[in-house]
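Taking it in order: structure first as structure tokens, then the write-up.
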Amino acid sequence: MTIEAIELSFDLYGGDSSAVVIKLHKAMQYPQTARLFRVYKTKGTQRDIPKSMKELYDLLQSGYNIGVGDHRFDEFCVRLYFKRTDKGGQPLPQKQHRARIEITLKKSIFDHEVVDRNIANLSQLIKFGFKKMQFTKLSKRATFKEKDVYYTQVKPFGKGSTCAMSVNRHKRFLLNSIATNGTLNEAKRLAVKALSHKF
């Protein structure tokens, strides 16, 4: 039996969950091909992600989700939201409220990198899948203007860029104002390692 797609989620507890969702979106290292960045709640409510943090915060508080990609066609999709209900729609206790980021990976992602999709290889599929969920942060090299934009606007700052160049004139995946978030990525790696041992 082989896996056609896998959905992986990463939850962060504590703090203001809607604010954390915004930070996760800004920090997520989206691939260059990521598209259809939007917010939505129910059918007919889809719209572009506002650049205003206050406007996006209010939408998340009222139950909107951030979505990236189309599950019908894209091999990499993301959903971020403030989780406060269980699968049945029942309210969760306050202490179980959290920010959640979910990624859905189609089989083509695993096939490109020759990862065995057999169900017996589930622990390795989980580890591989979570490697596609990487986070970034504002770089120490960021200019005053870049810092101002980062702290006052909502954008997918971690999205891959085909034209980014390092200060040494080498091609790089991220903009010069953005760096890999080693601390958050390591915390995620350790959590995934513990999870994979259960399979």
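Under UniProt numbering, the first residue of the sequence shown carries the number 1, and numbering increases by one thereafter. Note that CB positions come from ideal geometry on N, CA and C, so glycine has one too.
Query                                                                                                                                                                                          : Result
Starting from the C-beta of GLU146, find all residues in its chain whose C-beta is less than 6 Å away, skip the five residues before and the five after it, and write them out in chain order. : SER177
Ordered along the chain, which non-local residues of its own chain (more than five positions away) have a Cβ less than 8 Å from that of ALA194?                                                : none
Give a yes or no on contact between the stretch 4-16 and the stretch 33-53, applying the rule of three or more CB pairs nearer than 8 Å.                                                       : no
Output the distance between the C-alpha atoms of ASN181 and GLN90, rounded to the nearest integer angstrom.                                                                                    : 34 Å
Quick one: which unbroken beta strand (DSSP E) runs of 3-plus residues sit fully inside the stretch 104-167? Chain order, please.                                                              : 136-138
Less than 8 Å between C-beta atoms, sequence neighbours within five positions excluded: which residues of the same chain meet that for MET53?                                                  : ILE22, THR152, GLN153 and VAL154
Taking Cβ positions, are HIS25 and LEU105 nearer each other than 9 Å?                                                                                                                          : no
Counting only the same chain and skipping the five closest in sequence on each side, list residues whose C-beta sits under 8 Å from that of THR113.                                            : Note that residue 113 is Glu in the sequence shown, not Thr. PHE128, listed in sequence order.
For a test of the three-state rule: what should DSSP assign to LEU195, helix, strand or coil?                                                                                                  : helix
Give me the Cα-Cα distance between LEU60 and SER18, rounded to the nearest whole angstrom.                                                                                                     : 6 Å
Buried or exposed for GLN29, please, with buried defined as at least 16 other CB atoms from any protein chain shown within 10 angstroms of its CB.                                             : buried
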